[in-house]
Amino acid sequence: MKIGQSIIKGAIIVVVTLVLVKGFFIYMDSEFDDDCAILNKISKNPVLSDAVFREISFYYREPKLLSNIGRSTGVVYIEEMDKEIEINWDQLGIPKRHAAIEIKGKGVNYSYIDPENVEEIRIGFGYRSHLVYAVNTDKKVGNLQYDLYVECSDK
Numbered sequence: 408m409k410i411g412q413s414i415i416k417g418a419i420i421v422v423v424t425l426v427l428v429k430g431f432f433i434y435m436d437s438e439f440d441d442d443c444a445i446l447n448k449i450s451k452n453p454v455l456s457d458a459v460f461r462e463i464s465f466y467y468r469e470p471k472l473l474s475n476i477g478r479s480t481g482v483v484y485i486e487e488m489d490k491e492i493e494i495n496w497d498q499l500g501i502p503k504r505h506a507a508i509e510i511k512g513k514g515v516n517y518s519y520i521d522p523e524n525v526e527e528i529r530i531g532f533g534y535r536s537h538l539v540y541a542v543n544t545d546k547k548v549g550n551l552q553y554d555l556y557v558e559c560s561d562k
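Here the sequence shown is numbered in this note's numbering, starting from 408 and rising by one per residue.
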């Protein structure tokens, strides 16, 4: 009898563990989809995407604003910055603890940014999903000049 009960308990533990692991992966998968959905919603709203661009473009036009973050390139979480970006992250649907910005381009160094070298400004969810403003292009959006697309990391 005791061997049968041990087998049943072991089977129950295995089933419960598998259900919990599957639930975790479903949760993570839905969180990823939410990130992309939020960024796609922003990209399809020209008034909102222009307002976000105006605010973040201030950071690459003012070369010294990112100079105190302790590194020269890469993703910068908003909470790391001395001078906060004037964006209501909650209104955008991006939790402030995950909100990040990255400026990319030839020779871009956060200690001094030459606006002519900036190719992309990315905002979004840390390293995962980004709203990408490709700047210094010929395409005009309203009175601003950028291409806009969403980039989500693979699952």
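Backbone N, C-alpha and C fix where the C-beta goes; we use that ideal spot for every residue, glycine too. Everything numeric in this text was worked out from a predicted model, so none of it was measured.
| said: Our contact map puts Ile485 next to Ala507 with C-beta atoms below 8 Å; I'd like the distance itself, whole angstroms only. | reply: 7 Å
| task | For Cys559, collect the residues of the same chain with a Cβ closer than 6 Å to its Cβ; drop the 5 residues on either side in sequence, then sort them by chain order. | result | Cys443, Ser536
| message | Is it the case that the segment 410–423 contacts the segment 527–534, given that we only count it when at least three CB pairs across the two stretches are under 8 Å? | response | no
| What are the boundary residues of the alpha helix (DSSP H) that includes Asp497? | 496–499
| Pick from Arg504, Glu493, Ile414: whose alpha carbon is nearest that of Arg461? | Glu493
| request: Return the residue from the list Ile414, Thr480, Asn447 that minimises the CA-CA distance to Glu358. | output: With the chain represented from 408 up to 562, any question about residue 358 goes unanswered, as that position is not in the structure.
| request: Less than 8 Å between the CB atoms is what I'm expecting for Lys511 and Glu527, so what's the real figure, rounded? | output: 4 Å
| task | Leaving out five residues on either side along the sequence, give the residues of the same chain with a beta carbon under 7 Å from the beta carbon of Met515. | result | Looking at the sequence shown, residue 515 is not Met but Val. Excluding sequence neighbours, Val515 sits near Thr480, Asn524, Val525.
| query | Just to confirm, are Leu555 and Ser413 a CB contact at a threshold of 7 Å? | reply | no
| query | So, are the CB atoms of Val557 and Leu425 less than 7 Å apart? | reply | no
| request: Just grab the DSSP bridge partners of Arg529 for me. | output: Glu509, Val539
| message | Distance cutoff 7 Å, beta carbons only. Does Pro522 sit that close to anything in chain B? | response | Looking for chain B here will not work: only one protein chain is present.
| In its own chain, which residues sit with a C-beta less than 8 Å from the C-beta of Val483, not counting the 5 before and 5 after it? | Leu473, Ile476, Ala507, Ile508, Glu509, Tyr517
| field | Nonlocal neighbours in the same chain, by C-beta distance under 8 Å from Val542, ignoring five residues either side | value | Ser464, Tyr467, Val525, Glu526, Glu527, Ile528, Gln552, Tyr553
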